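Visitor:
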Amino acid sequence: MTLVARFHIEKGDFVLNVNLHLPGKGITAIFGPSGCGKTTLLRAIAGLEPCKEGFLTVGDSVWQQGRRSVPTHQRPLGYVFQEASLFAHLSVQGNLEYGLKRVPSQERKIALNQAVELLGIGPLLQRRADQLSGGERQRVAIARALAVSPRVLLMDEPLSALDLSRKQEIMPYLESLHDELDIPVLYVTHSPDEVARLADQMVLLDAGRVTATGDTTEILTRLDLPLAHDDEAGALITAQVTAHDDHYQLTYLDFTGGRFTIPRKPLQIGQTVRLRVAARDISLTLQQQSGTSILNVFPATIEQIIPEGDSQVMVRLLAGDTPILSRVTRKSAALLELQSGKSVYAQVKSVALLA
Amino acid sequence: MILSESDLNALTITLKLAGLSTLILLLIGTPLAWWLARTRWKFKFMLESIIALPLVLPPTVLGFYLLVALGANGPLGGLMSWLGGQPLAFTFSGLVIGSVFYSMPFVVQPLQHAFTAIGPRPLEVAATLRASPLDRFFTVAVPLARSGFLTAAVLGFAHTVGEFGVVLMIGGNIPGETQVLSIAIYDHVEALEYGHAHWLSGGLLLLSFLMLVTVYGLNRRFTGSQP
Numbered sequence: 007m008t009l010v011a012r013f014h015i016e017k018g019d020f021v022l023n024v025n026l027h028l029p030g031k032g033i034t035a036i037f038g039p040s041g042c043g044k045t046t047l048l049r050a051i052a053g054l055e056p057c058k059e060g061f062l063t064v065g066d067s068v069w070q071q072g073r074r075s076v077p078t079h080q081r082p083l084g085y086v087f088q089e090a091s092l093f094a095h096l097s098v099q100g101n102l103e104y105g106l107k108r109v110p111s112q113e114r115k116i117a118l119n120q121a122v123e124l125l126g127i128g129p130l131l132q133r134r135a136d137q138l139s140g141g142e143r144q145r146v147a148i149a150r151a152l153a154v155s156p157r158v159l160l161m162d163e164p165l166s167a168l169d170l171s172r173k174q175e176i177m178p179y180l181e182s183l184h185d186e187l188d189i190p191v192l193y194v195t196h197s198p199d200e201v202a203r204l205a206d207q208m209v210l211l212d213a214g215r216v217t218a219t220g221d222t223t224e225i226l227t228r229l230d231l232p233l234a235h236d237d238e239a240g241a242l243i244t245a246q247v248t249a250h251d252d253h254y255q256l257t258y259l260d261f262t263g264g265r266f267t268i269p270r271k272p273l274q275i276g277q278t279v280r281l282r283v284a285a286r287d288i289s290l291t292l293q294q295q296s297g298t299s300i301l302n303v304f305p306a307t308i309e310q311i312i313p314e315g316d317s318q319v320m321v322r323l324l325a326g327d328t329p330i331l332s333r334v335t336r337k338s339a340a341l342l343e344l345q346s347g348k349s350v351y352a353q354v355k356s357v358a359l360l361a
Numbered sequence: 156m157i158l159s160e161s162d163l164n165a166l167t168i169t170l171k172l173a174g175l176s177t178l179i180l181l182l183i184g185t186p187l188a189w190w191l192a193r194t195r196w197k198f199k200f201m202l203e204s205i206i207a208l209p210l211v212l213p214p215t216v217l218g219f220y221l222l223v224a225l226g227a228n229g230p231l232g233g234l235m236s237w238l239g240g241q242p243l244a245f246t247f248s249g250l251v252i253g254s255v256f257y258s259m260p261f262v263v264q265p266l267q268h269a270f271t272a273i274g275p276r277p278l279e280v281a282a283t284l285r286a287s288p289l290d291r292f293f294t295v296a297v298p299l300a301r302s303g304f305l306t307a308a309v310l311g312f313a314h315t316v317g318e319f320g321v322v323l324m325i326g327g328n329i330p331g332e333t334q335v336l337s338i339a340i341y342d343h344v345e346a347l348e349y350g351h352a353h354w355l356s357g358g359l360l361l362l363s364f365l366m367l368v369t370v371y372g373l374n375r376r377f378t379g380s381q382p
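Protein sequence lines correspond, in order, to chains F and P.
Quick note, the first sequence lines up with residues 7 to 361 if you use this note's numbering.
Quick note, the second sequence lines up with residues 156 to 382 if you use this note's numbering.
1) To the nearest angstrom, how far is it from the Cα of Pro382(P) to the Cα of Asp136(F)?
2) Grab the span of the beta strand (DSSP E) containing Ile36(F) for me, first residue to last.
3) Kindly examine the ligand NAD and report whether one of its heavy atoms sits closer than 7 Å to the Cβ of Ser349(F).
4) Using only alpha-carbon positions, find the residue among Pro232(F), Arg145(F), Thr298(F), Ala234(F) that is nearest to Val175(F).
5) Would you mind telling me which residues of chain F sit closer than 9 Å to Glu279(P), beta carbon to beta carbon, in chain order?
6) Quick check: is the beta carbon of Thr185(P) nearer than 8 Å to any beta carbon in chain F?
7) To which residues does DSSP link Thr278(F) through a beta bridge?
8) Going along chain P in order, which residues have a C-beta closer than 7 Å to the C-beta of Gly105(F)?
9) Just the chain F side, please: which residues come within less than 7 Å of Val295(P) by C-beta, in chain order?
10) Chain F partners of Pro330(P), CB-CB under 8 Å?
11) Could one say the Cβ of Arg193(P) lies closer than 8 Å to chain F's Cβ atoms, at least one of them?
12) Are Gln99(F) and Gln71(F) closer than 8 Å when you measure CB to CB?
13) CB-CB under 6 Å to Val251(P), same chain, minus the five flanking residues each way: which ones, in chain order?
14) Within its chain, find whatever has a CB closer than 8 Å to the CB of Phe219(P); leave out the 5 residues flanking it on each side and keep chain order.
15) Residues of chain P with CB under 8 Å from Arg108(F), in chain order?
16) From Gly299(P) to His95(F), what distance separates their C-alpha atoms?
17) Report the rounded CA-to-CA distance for Leu336(P) versus Gly274(P), giving the unit in angstroms.
18) Which word fits Leu92(F), buried or exposed, when buried means at least 16 other C-beta atoms lie within 10 angstroms of its C-beta?
19) Which residues in chain P sit within 7 Å of Val64(F), going by Cβ to Cβ distance?
20) Does Val334(F) come within less than 8 Å of chain P when only Cβ atoms are used?
21) In chain order, which alpha helix (DSSP H) runs of at least 4 residues are fully inside the region 7-70 of chain F?
22) Can you check whether the C-beta of Pro265(P) is within less than 8 Å of a C-beta belonging to chain F?
23) Considering Cα atoms alone, identify which of Arg143(F), Gly30(F), Ala205(F), Ser346(F) is closest to Glu89(F).
24) Can you round the beta-carbon distance between Met161(F) and Val194(F) to whole angstroms, since I take them to be within the 8 Å contact cut?
25) Using only CA atoms, which one of Asp221(F), Gly264(F), Leu290(F) lies nearest to Ser332(F)?
26) Answer yes or no: does any C-beta atom of chain P fall closer than 8 Å to that of Val191(F)?
27) Between Arg12(F), Leu165(F), Ile189(F), His196(F), which lies nearest to Gln39(F) when the distance is taken from Cα to Cα?
28) How would you list, in chain order, the residues of chain P whose beta-carbon sits under 9 Å from the beta-carbon of Val154(F)?
29) Among Ala281(P), Ala227(P), Pro260(P), which one has its Cα closest to the Cα of Gly311(P)?
30) Consult DSSP for Leu208(P) and reduce its assignment to one of helix, strand or coil.
31) Under the DSSP definition of a beta bridge, which residues are partnered with Met208(F)?
32) Any beta carbon from chain F within less than 8 Å of Arg385(P)'s own beta carbon?
33) Can you give me the C-alpha to C-alpha distance between Met177(F) and Lys31(F), rounded to a whole angstrom?
34) Taking the alpha-carbon of Val86(F) as reference, which of Ile225(F), Leu165(F), Ala285(F) has the nearest alpha-carbon?
35) With DSSP as the reference, identify every bridge partner of Gly84(F), one or two as the case may be.
36) Note down the Cα distance separating Val216(F) from Ala249(F), rounded to an integer number of angstroms.
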């Protein structure tokens, strides 16, 4: 199943003009600065944004063709708004059942208790919306959207209205959504952290236009895109848990470029995890160092170098077929004669386990 | 017996008139208020002004025009005659029509404010949860606007109970048919029957106060339950 969306929407001075083909699986982040049209795009896909001219298909069903548009309530989608927007006149249970009751039973693929369990809201069912915390409310809103067994789940910055600790409360639920549900998710966000944790693919939007689409690992490290120049720029690495070391209490994670050694984590052998390695935490050497405390060293090939401010350069390398970024001084780059095609060793000083 | 038979008749007619007018106003006013709350029509303010007119217009002016319209030679009265009925002036039906105009702003305005206060979001949420427009109206907009409905019903009812000028102009003062409480009080005072006037006035004062207490009390509960 794929999602094809072509929209031309004018709102005052702002023009959204997109032509997208999105894979119908995993989480696709729609990423960009405020006012770039992310929410407008998501609303247009949901049929909430008046749109005179457009084309939208999800799988083999046509949701919009020119001026003819399937109304929102006939589109099998789930939508999570920025604010939870629970119905104030209904209990949590009433909110969850509102959509469910309107879905014919043969189209119900997600049972209510499955959604309840996935979001951990069992104890809240009899409460009223105003008796919930912000994080709980948003979890109920997500479960409510899932309970209609959507063909596609649209999420509009579901975490942005929450403070940091509430974000951390919800993040594990979103990650389990990713792992356990076979529903494509379009996830609007302006947070690089959420992208790194959740997104499989990305759509970059700027001023109403799509500037790039592709796998998150690729987009995060493309030097022609702004994300690779962020202060927090870095690579996203998908790795598998291969072994635990009982003696030193370590966990080994393999990726296409080699093996990471990290302090032991309660992970299952064979489990796939996401690692984030910041560009500033990778240093480069020409020979493999022997007397070093750094365990995570990988042979890599320089692909591209571009200046980063006056005194630094950003280097994009391939370790195996995994792109990684390293930010080093211009002086180091000159002394080591770094250039594309050159083989080096990437020393990783620190790595963050995302999920 | 504190109330005479004609007083009791006036009470019955008043309650019947207020109840019927409120019901009709809710039926007309709900779609009208819903439309006013959602439309972007640029001449909306014109319609809003017309609905608000009874707030500022002397009731006798409204009553005069209604009398002209409802009389045998007026457009509404003429229509009734043409249909084989009686002219509407000086009838109970005429009073109901007059009350509907007279109390219109007291029903439409609270409803319009309540619908506006809901905002578009809950309705959009309902749309993404498979609810059709009519379904959304009845299962989301109406329950969320319940305090508006309560205010509209009570104000519409109370205001109709209290009308005087319009009734006097188009209803005449026919005991047992178009004589309402406010006019009965006036008659008692004219006849220097202050005792009767006291009983009726005191009753209306208490009734009005109780109705407002209900509205304000329940509204506080309703708003307390909004997150």
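Glycine included, C-beta positions come from ideal geometry on N, C-alpha and C.
Source: prediction; values computed, not measured.
Guide: According to the data block:
1) Its pLDDT being 38, under 50, Pro382(P) is placed unreliably by the model, and nothing is read from it.
2) For Ile36(F), the enclosing beta strand (DSSP E) covers residues 33-37.
3) With respect to the ligand NAD, the structure offers nothing, as it holds no ligand at all.
4) Per the sequence shown, residue 175(F) should be read as Glu rather than Val. Of Pro232(F), Arg145(F), Thr298(F), Ala234(F), the residue nearest in Cα terms is Arg145(F).
5) Among the residues of chain F, those whose CB is under 9 Å from the CB of Glu279(P) are Arg49, Ala52, Leu54, Thr78, Tyr85, Phe87, Ser91, following chain order.
6) Not one chain F Cβ lies under 8 Å of Thr185(P).
7) Gln246(F)
8) Per Cβ cutoff of 7 Å: Leu284, Arg285.
9) Phe93
10) Simply none; closest approach about 46 Å.
11) With a threshold of 8 Å between beta carbons, Arg193(P) makes no contact with chain F.
12) no
13) Leu175, Ser176
14) Contacts found: Met324.
15) Leu284, Arg285, Ala286, Asp290
16) The question names Gly, but residue 299(P) is Leu in the sequence shown. For Leu299(P) and His95(F), the distance between alpha carbons rounds to 6 Å.
17) If I take the Cα positions, the gap works out to 41 Å.
18) buried
19) What Val64(F) touches in chain P: nothing, since even the nearest Cβ is about 14 Å away.
20) No Cβ of chain P is located within less than 8 Å of the beta carbon of Val334(F).
21) Segments of the alpha helix (DSSP H) lying fully in the region 7-70 of chain F: 44-52.
22) no
23) Arg143(F)
24) Between the beta-carbon of Met161(F) and that of Val194(F) there is about 7 Å, and that keeps the pair under the 8 Å contact cut.
25) Leu290(F)
26) no
27) Per the sequence presented here, residue 39(F) reads as Pro, with Gln not at that position. Measuring from the Cα of Pro39(F), the nearest candidate turns out to be His196(F).
28) Thr283, Leu284, Arg285
29) Pro260(P)
30) helix
31) Ala35(F), Gly220(F)
32) Chain P is shown only over 156 to 382; residue 385(P) falls outside these bounds and no answer can be derived.
33) 19 Å
34) Leu165(F)
35) Leu159(F).
36) Rounded to whole angstroms, Val216(F) to Ala249(F) spans 41 Å at the Cα level.
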